[in-house]
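Trainee: Going by the numbering used here, the first residue of the sequence shown is number 1, and it counts up by one from there.
Yeah, the Cβ is synthetic: ideal placement off N, Cα and C, and Gly gets one too.
Here the structure is a predicted model, which is why all the values come from computation and not from measurement.
Just dropping this structure here.
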Amino acid sequence: MVTAANQVNSIVWAFVAAVEAQGITVERALLFGSQARGDARKDSDFDLIVISPDFAAMPGWRRWEVLGKAAAKVMEPIEALAYSPEEVANALQRDGNFLRHMHTNKGTVLCLSTNKGTVLCLAAELLYFII
1 MVTAANQVNS IVWAFVAAVE AQGITVERAL LFGSQARGDA RKDSDFDLIV ISPDFAAMPG
61 WRRWEVLGKA AAKVMEPIEA LAYSPEEVAN ALQRDGNFLR HMHTNKGTVL CLSTNKGTVL
121 CLAAELLYFI I
């Protein structure tokens with residue numbers, strides 16, 4: 001699915017709204033991958049990281065349920081991961097995990113915040129930006 005930047009923005013914000021409609025406070029949503037880089041193909045999905053303090057006490061199955069319901073409501077190919085702010089901070093301290101990889105490898109990531117607007121940043125700056 002090749003989408004224009006305004007369509008990508010609209011889809012991501014619709015997904016965030018669908019997560020928040022379930023009572024989750026989204027602190028930050030991060031779009032990464034081909035949609036963020038602008039080189040998506042027609043079969044590309046939307047890769048998102050959703051960060052919320054509400055995920056801290058939530059078991060993994062419930063996180064998947066929240067994200068799955070939001071994706072079903074938006075009806076777009078969304079692959080989302082849920083983290084609490086503490087999990088993101090802890091991930092920065094450990095080698096061999098996805099967030100650390102994103103942090104140390106440059107690539108364009110679109111950082112979306114529900115309270116600060118839209119910011120374009122580099123993955124190497126990403127986790128400093130969100131903590």
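(1) Is D54 helix, strand or coil when you go by DSSP?
(2) For E79, tell me which candidate among N90, I49 and E86 has the shortest Cα-Cα distance.
(3) To which residues of the same chain is F55 closer than 7 Å at the C-beta, ignoring the five residues directly before and after it?
(4) Under a three-way DSSP split, which group does E20 fall into?
(5) Have a look at A70, D95, F98 and M75 and flag the residue whose alpha-carbon is nearest the alpha-carbon of A21.
(6) Looking at D43: is its Cβ nearer than 8 Å to the Cβ of L31?
(7) For P53 versus E76, is the C-beta spacing smaller than 8 Å?
(8) Smallest Cα separation from F15: which of D39, L67 and H101?
(9) Exposed or buried, what is Q35 when buried is set at 16 or more other beta-carbons lying within 10 Å of its beta-carbon?
(10) What residues are listed by DSSP as bridge partners for R28?
Mentor: Here's the rundown:
(1) Stepping through the sequence shown from its first residue, residue 54 is reached at position 54. The answer is helix: DSSP assigns D54 an H, G or I state.
(2) Here residue 79 is taken as the residue at index 79 of the sequence shown, counted from 1. Nearest option by C-alpha distance: I49.
(3) As a working mapping, residue 55 is identified with position 55 in the sequence shown. R63, A82, Y83 and S84, listed in sequence order.
(4) Start at 1 with the first residue of the sequence shown, and residue 20 comes out as number 20. E20 falls in the helix class under three-state DSSP.
(5) For the purposes of this step, residue 21 is taken as residue 21 along the sequence shown, with counting starting at 1. When each option's Cα is compared against that of A21, the closest is A70.
(6) Within the sequence shown, residue 43 is the residue found at index 43, counting from 1. Within the sequence shown, residue 31 is the residue found at index 31, counting from 1. At least 8 Å separates the beta-carbon of D43 from that of L31.
(7) Residue numbering aside, residue 53 sits at position 53 when the sequence shown is read from its first letter. Residue numbering aside, residue 76 sits at position 76 when the sequence shown is read from its first letter. The answer is no: Cβ separation not under 8 Å.
(8) Taking the sequence shown and counting its residues from 1, the one referred to as residue 15 is at position 15. In terms of Cα proximity to F15, the closest of D39, L67 and H101 is L67.
(9) Within the sequence shown, residue 35 is the residue found at index 35, counting from 1. So Q35 counts as buried.
(10) Start at 1 with the first residue of the sequence shown, and residue 28 comes out as number 28. Partner(s): I51.
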